[in-house]
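Below: one structure, written as structure tokens.
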Amino acid sequence: MVKFSFRNGIDCEYLKYKINAVDKEKLECKYTLIEGGVLGDQLESIVYEMKFEESGDGGCICKTRSEYHTKGEFEIKEESIREGKEKAMGMYKLVEAYLLANPDEEL
676 MVKFSFRNGI DCEYLKYKIN AVDKEKLECK YTLIEGGVLG DQLESIVYEM
726 KFEESGDGGC ICKTRSEYHT KGEFEIKEES IREGKEKAMG MYKLVEAYLL
776 ANPDEEL
């Protein structure tokens, strides 16, 4: 389990994840949001799969897949998914900025 707490810069207090799998050789990971953030009373969890591939210019391409598990018969609107992706991208950019500013810090 991993819990991220936020002071400012993001509109949620915390996010709690279960790490399902990490493959360092393939640069892939799978994790599940189980508390906090956008889950509210309508979502049970969100499963994320991420894969990093070399882009050829010294950088990388991150491919993601999300699987939403709802509570009851709730249906997620496409607009809500789009908004969630934008918020996730904002969080990734915060993490990227931190890692670039602190390259020697171990996580």
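Letter 85 of the sequence shown, counting from 1, is numbered 760 in our numbering, and no numbers are missing. Glycine included, C-beta positions come from ideal geometry on N, C-alpha and C.
{"Item": "What does the alpha-carbon distance come out to for the pair His744 and Glu710?", "Value": "13 angstroms"}
{"Item": "Express the C-alpha separation of Tyr706 and Tyr692 in angstroms, rounding to a whole number.", "Value": "6 angstroms"}
{"Item": "Quick one: complete beta strand (DSSP E) runs, 3+ long, within the segment 715 to 772?", "Value": "718 to 729, 735 to 745"}
{"Item": "What number of angstroms, rounded off, separates the C-alpha of Ser726 from the C-alpha of Glu748?", "Value": "In the sequence on display, residue 726 carries Lys and not Ser. Straight-line Cα distance between these residues: approximately 31 angstroms."}
{"Item": "So, using beta-carbon positions, are Gln717 and Lys746 closer together than 7 angstroms?", "Value": "yes"}
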